[in-house]
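Asks: Take this structure first; my questions come after.
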Amino acid sequence: MKNKLYSILLLASSQLFFGQLSTIKDNFLSAPSVSSLPSYVQSPVSPSSGIPDVSIPFFSLPTHNSSVAVNCGMSYHPNNSGRYNKASDVGNGWSVFGLTALIYQNINPYTGFPEGDTFYYSIPGRSGKFSAKKDPLGVPQVTKITYDKLNINATVANGEFNFTITDEMGNTYYFNTLDISYVYQNGLPKNFTTCYYLSKVVDVNGLELLKFEYQEDNYTISPPALPGVQKPVKGLKIKKVASADFGEISLNYAFDPAQRSSYNDPFQLESIEMKTTAGKTVKKIGFQYSIGDFTFPYGYMPVPPNPCGYTEVQTKRILNKVLEYDNNGLNPLSTEFTYNYNNFDLSVWVDAVNPAMPCFANEDKNPKYLGKGLLTAIKFPTGSTVKYEYEPNQYWVNKNTAEYLEKYAPAHSVQDREAQYYEDVITTDFDTNVSTTKFFSLPANPDNAEGTSSLEYWIDVEQYYDNPILEPGQPPFVNVSLGGATTTPEGQQKYFPGFKSLTFTGTGGRGKAYVKRVRYKSLPLPNYSTGKGVRIKKIEYYDGANLIPALTRSYSYQNFSNNNESSGFLNEYEEMGIVYKNVKETIGENKGYTQYYFKALNDYPENLKSDGKMRMDTLYHYNLLMNGIADKTEIYNNVNTLVSSESNSYEFYQTATNKALKMAMIQKQTITATNYTGSGAVTVHTEITRSPRDFNIINSKTTGADGTVSEVNTTYPWGIFFTDPRLWNAGLKAVPLVVENKRNGKTISKSEVKYSNLSHYNPTSVISTNPNDGSLKTSIRYDAYDAKGNVTQYTTVSDEASGAGIPTTMIWGYNAAYPIATIEGATLNDIGSLAGDIITKSNQDTDNASEKVLLQALDAFRTHASLKNFHITTYTYNPLVGITSSTPPTGIREMYQYDRRNRLQYIIDVNGNMIKDYRYNIKPQP
12 MKNKLYSILL LASSQLFFGQ LSTIKDNFLS APSVSSLPSY VQSPVSPSSG IPDVSIPFFS
72 LPTHNSSVAV NCGMSYHPNN SGRYNKASDV GNGWSVFGLT ALIYQNINPY TGFPEGDTFY
132 YSIPGRSGKF SAKKDPLGVP QVTKITYDKL NINATVANGE FNFTITDEMG NTYYFNTLDI
192 SYVYQNGLPK NFTTCYYLSK VVDVNGLELL KFEYQEDNYT ISPPALPGVQ KPVKGLKIKK
252 VASADFGEIS LNYAFDPAQR SSYNDPFQLE SIEMKTTAGK TVKKIGFQYS IGDFTFPYGY
312 MPVPPNPCGY TEVQTKRILN KVLEYDNNGL NPLSTEFTYN YNNFDLSVWV DAVNPAMPCF
372 ANEDKNPKYL GKGLLTAIKF PTGSTVKYEY EPNQYWVNKN TAEYLEKYAP AHSVQDREAQ
432 YYEDVITTDF DTNVSTTKFF SLPANPDNAE GTSSLEYWID VEQYYDNPIL EPGQPPFVNV
492 SLGGATTTPE GQQKYFPGFK SLTFTGTGGR GKAYVKRVRY KSLPLPNYST GKGVRIKKIE
552 YYDGANLIPA LTRSYSYQNF SNNNESSGFL NEYEEMGIVY KNVKETIGEN KGYTQYYFKA
612 LNDYPENLKS DGKMRMDTLY HYNLLMNGIA DKTEIYNNVN TLVSSESNSY EFYQTATNKA
672 LKMAMIQKQT ITATNYTGSG AVTVHTEITR SPRDFNIINS KTTGADGTVS EVNTTYPWGI
732 FFTDPRLWNA GLKAVPLVVE NKRNGKTISK SEVKYSNLSH YNPTSVISTN PNDGSLKTSI
792 RYDAYDAKGN VTQYTTVSDE ASGAGIPTTM IWGYNAAYPI ATIEGATLND IGSLAGDIIT
852 KSNQDTDNAS EKVLLQALDA FRTHASLKNF HITTYTYNPL VGITSSTPPT GIREMYQYDR
912 RNRLQYIIDV NGNMIKDYRY NIKPQP
């Protein structure tokens, strides 16, 4: 029985529950912006996740190592804009990528407390997941989950982890800058570390490539139950990334300490600048924001005046514009964003049909609220616009088992609102002064053979009558009961069809009475559930206000073999993102479509129990299957004819175990690609074999349509470990040492890269094998490197016996960042000290005037009498922008000119004649 009647005491206390809130109490996580990282790992950009690539690049900062660079920009993930997400420093749903490099301990969004031993990492260009814990002796144990070539190590200092990550090129990332977070949970305050920030990157030769600086936010919190006790909190925000000899990226923030416990990061990113080592700004990006209010409901709360009307208003930072300034910091080009502030229109979900009807206890989980805050459009400076339409995820659930019907969709209670609903039986007026009984006829319930019903009923009292039996101060009341129930052995009440009566008791009153029956929408129940994030439904492209139909992309995620079922798979082990096994992408109108097939955990028998359900005690190949693995791709034309297809088969190799999870790598992969023509099918088979030790491809064999077999065998440092372990021990795992190409089993080419100099880890020579007689010849010898790892002399060997050949010397300037001269035929000894002047003047080149001085010095160097027998080419640069001149041995110089946004505009010759003209069409900015 539900009665919309509340005492005066409850009415007063309702103010404790009603909330128009924009703060989060008692949880002070130091890194609200980086909490978005798990979404990119659990639901990566892929058709299998329904997450599109929405990113805007800013700029790239190189280093002395070609395998490491900072590519900076911003990206949007729709699952980071919902109710349980705080707005980042760059706005709701957005993240800056390439700069915030860290290891993040997984936090439960409901409790604000660390969850298990799961960690997420982000380094420039990569992200992933691993577990870390201490054994009984306190020794850290790390198990990788993400499938990649990184090596993750942990040590413990003062009870806290310190992490290092070494990539396959031997570069080491040091995470030893720690934050301090605080949570107040179950009456106990506790500090813990949420984030381990990257402090520096060092290459295999010990050269520091990148250095990271942070801005700190230090403060203390007094736990509510422990007055006088102060708990520290320290937040960190990336302030600067410096690349030695190249430049830096600096970030500028507005800081508001009042936002620490709000739904916003207290730091608001105002601008990002890339500067040269001389401090000159090469590019500047600015941001404009507004404030958005998003209203979310609580579930049913039994307090007046309306148990369904209690809401929380979340005030969040909204990114409106990104501004790209010219090199004078003026004339910004604007990229603009719009968002959705409304709910999804989900007619399949039950809502209250009148104010008197109670809402559901899980109203806050209604997936229609996932629509709030989503990005709907990006308008670019060119005048073009991209529009995005999202919809809630749907995933397959077998709802027609006895277990599901009993626990999640019982006949006596509406718990699954997609499968059940309340059917109106009677809505009637009552007045106890007229009658205390109301009769009605209950029809048979078609959901079961005996026609019995489960009923819910309640009253809405519009007026209470005075009654002399009331004690002073006692409020009036009206109760209602429904007779004729039969109690089941499980304690539930069911009603057989026939006449029933509502009986009203109490002190008297009038109002309305409601009786509703629990019904199933259909039997059998539809086997899907909705929620747990969103997926892309459609992407549209506009030129101004005009839609470009040919570019429209639409997506469907239904099962290809049964269009009435969702192909979505929910990983129940971790309640992670959805994997769609079937995705149909339609591009344009009448242009055909592409069907993507993926496999998930439950597609492998070893992960299933005998009843077909997922095992939770042991899951195999978890890291490969948690986000889905490509199975097949089919491309159809506009008349539904298959044009081409590509299928994959895999052989897995188990690599590690973490709890119930068995990790694996793809040891062998077979790819079958087929093109279909009017005369038949043309098929190409490719087999790829990887080494379990380093995950590198050591053999690739392709069989063409004509039967020709092309094969590539590659040896990496692990392949020579037992004879020469030096490279492997240094972390160089992905350097190809020997590459052999075969055709139909016969070697057609073979080369080997040597690393013979024990003082560094740079290549020293390349040895080629004559495929006819197997003889060896040194083709290139790297004779010398500078302290920054730049090759300064190499020789193209012509005589293997003597080692004689044609040397080439390279002079590096601009603090050893760029080559400013190549001298063919000369050795470093031939150059001697002659390059000192051009090196010095290149280091001083910061503007047009100093570049002219450098050009004069380069011309003098190029025409120096002692170098007349050599072929010399010289170069000048605008650091972090591009080359500004190239002068070959002929002396016919080409000049490269850039516009005020540092885009290449003209290439002109020495006489001022234009060779190339580059145009960038940008619509006028308002």
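In terms of our numbering, the sequence shown opens at residue 12 and continues consecutively. Glycine included, every Cβ here is placed at the ideal spot set by N, Cα and C.
Who are the near neighbours of Asp304 in its chain, counting only those whose CB is closer than 6 Å to its CB and skipping five residues on each side?
Replies: For the purposes of this step, residue 304 is taken as residue 293 along the sequence shown, with counting starting at 1. So the list reads Val324, Thr326, once near-sequence residues are dropped.
Asks: What are the boundary residues of the alpha helix (DSSP H) that Asp628 is part of?
Replies: Along the sequence shown, one-based indexing puts residue 628 at 617. Segment: none, Asp628 is in no alpha helix (DSSP H) and carries neither H nor E.
Asks: Identify every run of the alpha helix (DSSP H) within the segment 648-683, keeping only runs that are complete inside it and at least 4 residues long; order them along the chain.
Replies: Complete alpha helix (DSSP H) runs here, min 4: none at all.
Asks: From what residue to what residue does the alpha helix (DSSP H) around Glu862 run?
Replies: Taking the sequence shown and counting its residues from 1, one reaches residue 862 at position 851. 859-873 is the extent of the alpha helix (DSSP H) around Glu862.
Asks: Per DSSP, what kind of secondary structure is Lys927 in: helix, strand or coil?
Replies: As a first step, residue 927 must be located in the sequence shown, where it is residue number 916. Strand at Lys927.
Asks: May I ask you to verify whether the segment 841-857 touches the segment 814-829, counting CB pairs closer than 8 Å and requiring at least 3?
Replies: Yes, the segment 841-857 is in contact with the segment 814-829.
Asks: Would you say Ala675 and Pro537 are within 8 Å of each other, going by their C-beta atoms?
Replies: As a position in the sequence shown, residue 675 is number 664, starting the count at 1. As a position in the sequence shown, residue 537 is number 526, starting the count at 1. Result no, Cβ atoms of Ala675 and Pro537 do not sit closer than 8 Å.
Asks: What is the C-beta distance between Asn634 and Tyr158, in whole angstroms, given that I count them as a contact (C-beta under 8 Å)?
Replies: Sequence index remark: in the sequence shown, residue 634 carries index 623 (1-based). Sequence index remark: in the sequence shown, residue 158 carries index 147 (1-based). With 8 Å as the limit, Asn634 and Tyr158 qualify as a contact, their Cβ atoms being about 5 Å apart.
Asks: The beta strand (DSSP E) with Val943 in it runs from where to where?
Replies: Missing from the structure shown is residue 943; the chain here goes from 12 to 937 and no further.
Asks: Determine the contact status of Gly952 and Ala561, defining contact as a CB-CB distance below 8 Å.
Replies: Outside the modelled stretch of the chain, which goes from 12 to 937, sits residue 952, for which no answer is possible.
Asks: Can we say the segment 434-446 touches the segment 516-529, given the rule of at least three CB pairs closer than 8 Å?
Replies: Cβ pair count under 8 Å is three or more, so yes.
Asks: Provide the residue span of the alpha helix (DSSP H) that contains Arg737, from first to last.
Replies: Locating residue 737 in the sequence shown gives position 726, where the first residue counts as 1. From DSSP, the alpha helix (DSSP H) with Arg737 extends over 737-740.
Asks: If we count the other Cβ atoms within 10 Å of its Cβ and call it buried at 16 or more, is Thr516 buried or exposed?
Replies: What you label residue 516 is simply residue 505 of the sequence shown in a count that begins at 1. Per the 10 Å Cβ criterion, exposed.
Asks: Run through the DSSP bridge pairs and tell me what Gln270 is partnered with.
Replies: Position 259 of the sequence shown holds residue 270. Its beta-bridge partners do not exist; DSSP assigns none.
Asks: Go through its chain and collect everything with a Cβ distance to Tyr419's Cβ below 8 Å, but skip five positions before and after it.
Replies: Translated into the one-based positions of the sequence shown, residue 419 becomes position 408. Contacts found: Lys410, Gln426, Asp427.
Asks: Could you tell me whether the segment 179-186 touches the segment 736-747, where touching means 3 or more Cβ pairs closer than 8 Å?
Replies: Flag = yes, the segment 179-186 and the segment 736-747 touch.
Asks: Just how far apart, CA to CA, sit Phe571 and Tyr608?
Replies: Counting from 1 along the sequence shown, the entry for residue 571 is found at position 560. Counting from 1 along the sequence shown, the entry for residue 608 is found at position 597. Cα to Cα, the separation comes out at about 9 Å.
Asks: May I ask you to report which of helix, strand or coil DSSP gives Ala168?
Replies: Taking the first residue of the sequence shown as position 1, residue 168 is located at position 157. Three-state DSSP puts Ala168 in a strand.
Asks: Is it right to say Thr111 is buried, meaning 16 or more other beta carbons lie within 10 angstroms of its own, or is it exposed?
Replies: By one-based count along the sequence shown, residue 111 stands at place 100. Result: buried.
Asks: Please classify Asp841: does DSSP put it in a helix, a strand, or coil?
Replies: For the purposes of this step, residue 841 is taken as the residue at position 830 of the sequence shown. Correct three-state label for Asp841: helix.
Asks: Quick one: residues in its chain with C-beta nearer than 8 Å to the C-beta of Pro63, no 5 flanking neighbours on either side, listed in chain order?
Replies: As a first step, residue 63 must be located in the sequence shown, where it is residue number 52. So the qualifying residues of the chain are Val56, Tyr399, Ile547, Ile550.
Asks: Less than 7 Å between C-beta atoms, sequence neighbours within five positions excluded: which residues of the same chain meet that for Tyr584?
Replies: On the sequence shown, position 573 is the one that residue 584 refers to. The answer, listed in chain order, is Met627, Leu630.
Asks: Count the other C-beta atoms from every protein chain shown that fall within 10 angstroms of the C-beta of Ser853, then say buried if there are 16 or more, exposed otherwise.
Replies: What you label residue 853 is simply residue 842 of the sequence shown in a count that begins at 1. When all chains shown are included, Ser853 counts as buried.
Asks: Hey, quick one: how far does the beta strand (DSSP E) through Pro890 stretch, first residue to last?
Replies: For the purposes of this step, residue 890 is taken as residue 879 along the sequence shown, with counting starting at 1. Run containing Pro890: none; DSSP gives neither H nor E here.
Asks: Counting only runs that start and end within the segment 392-420, where is the beta strand (DSSP E) found for 3 or more residues in a row?
Replies: Whole beta strand (DSSP E) segments, 3+ residues: 395-407.
Asks: Give a yes or no on whether the C-beta atoms belonging to Asn613 and Phe663 are separated by under 8 Å.
Replies: Counted from its first residue, the sequence shown places residue 613 at position 602. Counted from its first residue, the sequence shown places residue 663 at position 652. For Asn613 and Phe663, no; Cβs fall outside 8 Å.
Asks: Could you tell me if Ala253 is buried or exposed, where buried requires 16 or more neighbouring beta carbons within 10 angstroms of its beta carbon?
Replies: If you number the sequence shown from 1, residue 253 lands on position 242. Its Cβ being crowded by 16 or more others within 10 Å, Ala253 is buried.
Asks: What's the call for Val240, buried or exposed, on a 16-neighbour Cβ count within 10 Å?
Replies: Here residue 240 refers to the residue found at position 229 of the sequence shown. Val240 should be labelled exposed.
Asks: Less than 8 Å separating the beta-carbons of Glu227 and Leu247?
Replies: In the sequence shown, the residue the question calls residue 227 occupies position 216. In the sequence shown, the residue the question calls residue 247 occupies position 236. Contact flag set, yes.
Asks: For the beta strand (DSSP E) that Asp442 lies in, which residues bound it at each end?
Replies: Translated into the one-based positions of the sequence shown, residue 442 becomes position 431. From DSSP, the beta strand (DSSP E) with Asp442 extends over 431-442.
Asks: Can you find the residues in the same chain that come closer than 6 Å, C-beta to C-beta, to Ser464, ignoring five residues on each side of it along the sequence?
Replies: Stepping through the sequence shown from its first residue, residue 464 is reached at position 453. Once the five neighbours on either side are set aside, the close Cβ partners of Ser464 are Asn456, Tyr506, Arg528.
Asks: Roughly how many angstroms lie between the CA atoms of Val650 and Gly603, to the nearest whole one?
Replies: Position 639 of the sequence shown, counted from the first residue, corresponds to residue 650. Position 592 of the sequence shown, counted from the first residue, corresponds to residue 603. So the alpha carbons of these two residues sit roughly 7 Å apart.
Asks: Which one or two residues does DSSP pair with Asp920 in a beta bridge?
Replies: Reading the sequence shown from its first residue, position 909 is the one you call residue 920. Glu905, per the DSSP bridge assignment.
Asks: Sorted by chain position, which residues of the same chain lie with C-beta nearer than 8 Å to Pro268's C-beta, five sequence neighbours on each side aside?
Replies: Taking the sequence shown and counting its residues from 1, the one referred to as residue 268 is at position 257. Excluding sequence neighbours, Pro268 sits near Asp228, Tyr230, Pro277.
Asks: Where do the N-terminal and C-terminal ends of the beta strand (DSSP E) with Asp228 fall, by residue?
Replies: For this step, residue 228 is matched to residue 217 along the sequence shown. First-last of the beta strand (DSSP E) with Asp228: 219-232.
Asks: For a test of the three-state rule: what should DSSP assign to Ile559, helix, strand or coil?
Replies: Against the sequence shown, residue 559 aligns to sequence position 548. Ile559: coil per DSSP, three-state reduction.
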